[in-house]
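To start, the structure under review is shown below, and the notes come after it.
Protein chains: 4
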Amino acid sequence: MLVVMHASASTSDIDRVCVAISAMGFQPLPMPGAQRTTVGLVGNDRRVDGSHIEALPGVAEIIYVSSPFKQVSREWRAENTTVTIAPGVTFGGRDVPVIAGPCSVESESQILAAAFAVRAAGAVALRGGAFKPRSSPYSFQGMGKEGLALLQRAKQETGLAIVTEAMDDDGAHLVAEYADCIQIGARNMQNYSLLKTVGKLRKPVMLKRGMAATVQELLLSAEYILSEGNDQVILCERGVRTWDPSSRNMFDLNAIPTVQKLSHLPMIADPSHGTGVRDRVSPMARAAVAAGADGLLIEVHPDPNKAFSDGAQSLFPQQFADLMGELHAIASAIGRHVAVLPATP
Amino acid sequence: MLVVMHASASTSDIDRVCVAISAMGFQPLPMPGAQRTTVGLVGNDRRVDGSHIEALPGVAEIIYVSSPFKQVSREWRAENTTVTIAPGVTFGGRDVPVIAGPCSVESESQILAAAFAVRAAGAVALRGGAFKPRSSPYSFQGMGKEGLALLQRAKQETGLAIVTEAMDDDGAHLVAEYADCIQIGARNMQNYSLLKTVGKLRKPVMLKRGMAATVQELLLSAEYILSEGNDQVILCERGVRTWDPSSRNMFDLNAIPTVQKLSHLPMIADPSHGTGVRDRVSPMARAAVAAGADGLLIEVHPDPNKAFSDGAQSLFPQQFADLMGELHAIASAIGRHVAVLPATP
Amino acid sequence: MLVVMHASASTSDIDRVCVAISAMGFQPLPMPGAQRTTVGLVGNDRRVDGSHIEALPGVAEIIYVSSPFKQVSREWRAENTTVTIAPGVTFGGRDVPVIAGPCSVESESQILAAAFAVRAAGAVALRGGAFKPRSSPYSFQGMGKEGLALLQRAKQETGLAIVTEAMDDDGAHLVAEYADCIQIGARNMQNYSLLKTVGKLRKPVMLKRGMAATVQELLLSAEYILSEGNDQVILCERGVRTWDPSSRNMFDLNAIPTVQKLSHLPMIADPSHGTGVRDRVSPMARAAVAAGADGLLIEVHPDPNKAFSDGAQSLFPQQFADLMGELHAIASAIGRHVAVLPATP
Amino acid sequence: MLVVMHASASTSDIDRVCVAISAMGFQPLPMPGAQRTTVGLVGNDRRVDGSHIEALPGVAEIIYVSSPFKQVSREWRAENTTVTIAPGVTFGGRDVPVIAGPCSVESESQILAAAFAVRAAGAVALRGGAFKPRSSPYSFQGMGKEGLALLQRAKQETGLAIVTEAMDDDGAHLVAEYADCIQIGARNMQNYSLLKTVGKLRKPVMLKRGMAATVQELLLSAEYILSEGNDQVILCERGVRTWDPSSRNMFDLNAIPTVQKLSHLPMIADPSHGTGVRDRVSPMARAAVAAGADGLLIEVHPDPNKAFSDGAQSLFPQQFADLMGELHAIASAIGRHVAVLPATP
């Protein structure tokens, strides 16, 4: 339930509504907006009767939220949420930031080479896994804390913001310390304990859609993070599982406008996992921007043939540089522009 | 099996290869190319031994086609096939033609209004069903032959090429008479009797991907048409079925570069069925062009709220006109351009 | 809309209702039942206002059928429909008939060997394709009319009923002449022209579920057949397409009780296509009977390793004989029994 | 890589092989079998060259395991693994134990009523969630530790073994203390941190298949648990996600024989989640046993209409009692029997 206040409502009007909601056994959540304040009611997932609140002074309207998600919905907040993970790297506005880098951090020379290459081509943030969720326990599991230190080093050298994945509570606290944005991977999209943990941290979170998660489930998982008080959430389409083996995944670009209609959160796209094959990454990166994606996440490796993981879908640095040129043109065609960092450090 | 001839091979060299293939019990199919001729072998789906052919004069190379499709594959023909359905309406080249119009032909006034509207906005061909495959036998099944006559009328008035669906043998012959391109719908993608029928007609065919057809199955169905002698085939991605109810279909844009890599046939996209919801049609039409689609098929109705079918996914004429402007900009950004008809009639 | 008459309603009461429905512009369809008559209204797929009919003498109740299918639904006919394709071979009652045989008719000796083997093991009907829908135009397409004659020969020798597929109008008329039941394959489940054709023939039809058809779509396709006047329809689950490559198909046994709840038509299962792997056919055949399937369709080949098609999923004759023993035990456990033919001819 | 020793190999032969594997940089894992010992090599997921090991005394054969899973595979261990979670409750042998109970523990009276009811009908273990993974953060999340205490109470009263879910590390340690088997739910099937945690605990684990996990991924997730030293793992099919909304999930019974062929671990089935609709639970429970399932997990609630969660798929106690009678008959038909507890405590 959302209580929409009149534009002229006073602070005490708002307080009175909060008291009434508390008295009903729920938690009030006031949301000041540009023109008016809205007060949300947290702690129920059934319809409640708000008729007595409707009669309080300053109340314009009661909206019964029928959709299962609340704080992530456009009904709850009409304006886009912008998420700034570092100076100049903002998701959800007119800019389209590009995050690029290797699947995994493999060594100091590899991550620095990757960072300089993507920086030169125009990326504003660096990706690279220090903790890797792998289907097999015998596959390379990442460099762990040492990898995080290397990412921090790459940031100092290039000025790129850092986005990297956390797989459990301890990892989340570590990543929060070293990186600018905590990534929650597809396999953990419904790891609710982890979602609650990052909801309590005060750090931007990038939540990737699960391999067979519906758009509604993605939004409900984001709701777990927002319900703990953290609204700095970036959603990410990364391809889903279907019956067609012709691509590793099916890249669901419909999800971009769908999420943007239902939610105020920024929605970016990962064409590398979305296709799984190098020569389809560039066409799909262009398509994602044309569809209105609020950013891109792209795998680039200084030497893809030697990558420890995901080599087949990583771009060569030159391919990435060529792609960035095309993306600038596509973004312009729809009135947006690819984000750029102010100056090389 | 493909027998690639030297660039310098003579006509009698080629004839000798054809005779040898016939003597093996198969049918030879000579394919003259820009630089050299290739001779295909039709009538087998297992590996044959072509070692004695390799020794014939003028033979450069034997390629054993391991993929299950043959004539549709890039190995069989390296250059793009272009399909011209009417003067100025060519698929598979640098141009990106847009076919637009209502789901069904409903009346003379409706189809003429639609034709003038999409012509004015820049479409080069008119779509509109006279025979409608409907899940329920009690739903509107189309105007039949009368609808075809109205489409012909619309062509005379506007100069637009006509694309319309056939559902069975009789219908295919009728559509071939009235229209410029015969559409085979998703539900009939594996109706092999119908595919053979349109393979024997000398008329361009647009083959839509089945609701849960893999890319390989789409190409094998096209192979049925080519194997009967008709290579004027346009493929069409129209969204596929998945487990996410957030869109009517999932629009598989990965299939665009995938098909273009595997096959020389043009591949277009239908964002109307690909999304099923009006406000996602424009973003996905832009995305399809950015991904490299060789054309678009878009539902536009003069009055969508009164449409007999698919109203919810049909654009209003003004929305379509706005979209066409964006498409011109996107196509330019990737070095192509949206096809235009020479002059209003 | 269904008009349920009182048990005591007279013939003239029923006539009066039919006249009233005709006057509304629809076609009345009286359905005499064991206890009372119901009158259906054909020709609409929207809600109609039947309030004035409710007031007519003898009318007990009006049921507004909200589901998109009508004549196939349990609301339309409460009792199971039984479909007898030959003496002693009845689907939809207490008996569970087993149809068995090779994927394709390959030769006289092959089909006779198969027929005698499955007859000896207890099958009551013989399957075997004379017309084969194959993904590739270069694969074996069946023996055609000659194959039908061989099936007829096998029937004369063994007394088995014959079930075989038709792929187009001409084929349907031929199959109707030679066989006891016309099979419509998965790829043609939404070939509405063909469904209308077999709806006009007076021959039992076995309709297989499409590779990615929902239960609702299966029932709507059956509705096409019933709406043309043929209610002798057997439905068949044959596995569907999913994202898991561990089996060729996913065998959807949930569909058995689901269809039986929604419809009065018999629902059988094909564990051969439902699994695609020989060693899973027997467990899944047992499971289908335990789930309540009204019959089974099983591929058995006298020499699977030499089969022209589907060899990998065909049982050896001895495996089939062993399975039949298990099926008798499972059927007994749930109060049914596997159908048997009276005596060897 | 597996090193199969001769039946006559001595302990020092085996030790020598272990030393050789260690020298290659991997960890040897000797597996004594009924007839011979096999030594596994842990720590690689690529092919290694074992030719020098093949020449050591006592070595019969080297098997290169091409499949991505190792310790869970039948090649690694040919005999079924049996998992005994409490006296008389063994999975993987001839017995088919039935675990039943409510979705969630809701109160002392509810869980005790459920426990007595399922005990009376013949279940040997009680299910009931204390920690509940819910799509929405606003849904009932379970009673937590208090719920575990109530389960323990129910065990004391009825003698039923206890199976309940853990969602994170802390929860896993708590559940291990209170229950006989730790359940890992579908959403956490690829929560590798949690899998490693339960791999280190010495407690049986029931691992449910993810909503869109392939059979191979299920086995790889089990491999995470075995690779930490815990081979007491029961796998569970619980229905998967597809494009057909006619059931909540599609119950993939093919997975039963598929897993049993690939792995030595017991595989049970959960027809309650596998269907999501009460009236399909009994047919599918019967089908699962007929397909060879090594146990069942069934939701039964003393008053389903008042259940906090999953009420629509919970059986009434009387339905469950009726079903148990049918299951005894089906199990007998295939030479197994439904497990029974010795006597009421």
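If you're matching them up, the sequences are chains A, B, C and D in order.
The number in the numbering used here is simply the position in the first sequence, starting from 1, with 3 added.
The number in the numbering used here is simply the position in the second sequence, starting from 1, with 3 added.
The number in the numbering used here is simply the position in the third sequence, starting from 1, with 3 added.
The number in the numbering used here is simply the position in the fourth sequence, starting from 1, with 3 added.
Heads up, the beta-carbon is just placed ideally off N, CA and C, and yes, glycines get one too.
Everything numeric in this text was worked out from a predicted model, so none of it was measured.
Partner residues on chain A for Val218 (chain B), Cβ-Cβ distance less than 7 Å
Going along chain A in sequence order, the residues near Val218 (chain B) (Cβ under 7 Å) are Asp247, Ser249.
For Glu160 (chain A) and Pro348 (chain A), the rounded distance between their alpha carbons:
Per-residue confidence for Pro348 (chain A) stands at a pLDDT of 48, beneath the threshold of 50, marking its modelled position as unreliable; no derived number is given.
Neighbourhood of Ala10 (chain C) by C-beta, 7 Å cutoff - its chain only, sequence neighbours within 5 removed:
Excluding sequence neighbours, Ala10 (chain C) sits near Gln38, Arg39.
To the nearest angstrom, how far is the alpha carbon of Leu163 (chain A) from that of Met253 (chain B)?
C-alpha separation (whole angstroms): 34 Å.
Return helix, strand or coil for Gln263 (chain A), following the three-state DSSP convention.
Three-state result, Gln263 (chain A): helix.
Measuring only the C-alpha atoms, how far is Phe143 (chain D) from Ser312 (chain D)?
Within the model, the alpha-carbon separation for Phe143 (chain D) versus Ser312 (chain D) is close to 8 Å.
Would you check if there are 3 or more beta carbon pairs closer than 8 Å linking the region 200 to 217 of chain B to the region 177 to 197 of chain A?
Flag = no, the region 200 to 217 of chain B and the region 177 to 197 of chain A do not touch.
Quick check on Phe119 (chain B): does DSSP put it in helix, strand or coil?
Here Phe119 (chain B) sits in helix by DSSP.
Select from C:Arg130, C:Ala258, C:Asp171 the residue whose C-alpha is nearest the C-alpha of Gln155 (chain C).
Cα-wise, what sits closest to Gln155 (chain C) is C:Arg130.
What does Ile228 (chain D) pair with, by DSSP beta-bridge criteria?
Partner(s): none; Ile228 (chain D) has no beta bridge.
Spatial neighbours of Ser317 (chain D) within its chain, please: C-beta separation below 8 Å, excluding the five flanking residues on both sides.
If we look at Ser317 (chain D) and ignore the five residues flanking it on each side, its Cβ neighbours are Pro105, Cys106, Ser275, Arg281, Glu302, Val303, His304, Pro307, Ala310.
Identify, in the order they occur along the chain, each residue of the same chain with its Cβ nearer than 8 Å to the Cβ of Trp79 (chain B), setting aside the five sequence neighbours on each side.
Spatial neighbours of Trp79 (chain B) in its own chain (CB-CB distance under 8 Å, excluding positions within 5 residues in sequence) are listed in chain order as Leu5, Met34, Thr41, Gly43, Val68, Lys73, His267.
The region 85 to 104 of chain C / the region 329 to 341 of chain C touching (three or more Cβ pairs under 8 Å)
Enough Cβ pairs lie closer than 8 Å, so yes.
Can you tell me the Cα-Cα spacing of Phe134 (chain A) and Met8 (chain B), whole angstroms?
For Phe134 (chain A) and Met8 (chain B), the distance between alpha carbons rounds to 54 Å.
Determine the chain A residues that contact Gly295 (chain B) at a beta-carbon separation under 7 Å, and present them in chain order.
Those are Pro286, listed as they occur along chain A.
Just to confirm the assignment, what range does the beta strand (DSSP E) spanning Val280 (chain A) have?
Segment: none, Val280 (chain A) is in no beta strand (DSSP E) and carries neither H nor E.
So, with DSSP's three-state summary, where would you put Asp48 (chain A)?
Confidence in Asp48 (chain A) is poor, its pLDDT being 47 and thus under 50, which makes the residue's placement unreliable; the coordinate value appears in the next sentence. Residue state for Asp48 (chain A) is assigned as coil, using DSSP reduced to three classes.
Which runs of the alpha helix (DSSP H) at least 4 residues long sit entirely within the region 51 to 81 of chain A? Give them in chain order.
If we require 4 residues or more, the alpha helix (DSSP H) runs fully inside the region 51 to 81 of chain A come out as 54 to 57.
Under 8 Å by Cβ, that's how I've got Leu223 (chain D) and Leu238 (chain D) pegged, so tell me the actual separation to the nearest angstrom.
Leu223 (chain D) to Leu238 (chain D), Cβ: 12 Å. No contact.
Assuming Leu268 (chain D) is part of the alpha helix (DSSP H), what are its boundary residues?
No alpha helix (DSSP H) contains Leu268 (chain D), which DSSP labels as neither H nor E.
Whole alpha helix (DSSP H) elements within the region 166 to 191 of chain C, 4-residue minimum:
Unbroken alpha helix (DSSP H) stretches of 4 residues or longer found wholly inside the region 166 to 191 of chain C: 172 to 181, given in chain order.
For Ala128 (chain B), which three-state DSSP category applies?
Look at Ala128 (chain B) here: in three-state DSSP terms it is strand.
Collapsed DSSP secondary structure at Cys239 (chain D) in the structure displayed:
Cys239 (chain D): strand per DSSP, three-state reduction.
What's the C-alpha gap between Val127 (chain C) and Asn194 (chain C)?
Each residue's Cα considered, the two are about 29 Å apart.
For Asp255 (chain C), write down the residues that DSSP places opposite it in a beta bridge.
Its beta-bridge partners are D:Asp255.
Check whether Leu256 (chain D) and Ile228 (chain D) have beta carbons under 8 Å apart:
In this structure, Ile228 (chain D) does not lie closer than 8 Å to Leu256 (chain D) by Cβ.
Is it right to say Ser25 (chain D) is buried, meaning 16 or more other beta carbons lie within 10 angstroms of its own, or is it exposed?
It is exposed - the Cβ of Ser25 (chain D) has fewer than 16 other Cβ atoms within 10 Å.
Closer than 7 Å by beta-carbon distance: list the chain B residues that pair up with Arg244 (chain D), in chain order.
Those are Trp246, listed as they occur along chain B.
Decide if Gln113 (chain D) is buried, meaning its Cβ has at least 16 other Cβ atoms within 10 Å, or exposed.
Result: buried.
Here's the rule I'm using: 16 or more other beta-carbon atoms within 10 Å means buried, otherwise exposed. How should Lys264 (chain A) be labelled?
With fewer than 16 Cβ atoms within 10 Å of its Cβ, Lys264 (chain A) is classed as exposed.
So which residues on chain B does Thr278 (chain A) lean against when the C-beta distance must stay under 9 Å?
Proximity of chain B to Thr278 (chain A) at the Cβ level (cut-off 9 Å) is accounted for by Asn257, Pro260, Thr261, in chain order.
Is the shortest distance between the beta-carbon of Leu349 (chain A) and the beta-carbons of chain D less than 8 Å?
Shown here, chain A extends from 4 to 348; a query on residue 349 (chain A) therefore has no answer.
For a contact defined as C-beta to C-beta under 8 Å, what are the partners of Glu168 (chain D) on chain C?
Neighbours of Glu168 (chain D) on chain C: none; closest Cβ ~24 Å, over 8 Å.
Less than 8 Å between the CB atoms is what I'm expecting for Pro71 (chain A) and Ser139 (chain D), so what's the real figure, rounded?
Rounded to whole angstroms, the Cβ separation of Pro71 (chain A) and Ser139 (chain D) is 5 Å, and the two are in contact under 8 Å.
Suppose contacts are defined by Cβ-Cβ distances below 8 Å. Is Ala288 (chain A) in contact with Met270 (chain A) by that definition?
No, Cβ-Cβ distance for Ala288 (chain A) and Met270 (chain A) is not below 8 Å.
Assigned exposure category for Glu109 (chain C) - 16 Cβ within 10 Å defines buried:
Buried is the label assigned to Glu109 (chain C), since at least 16 other Cβ atoms lie within 10 Å of its Cβ.
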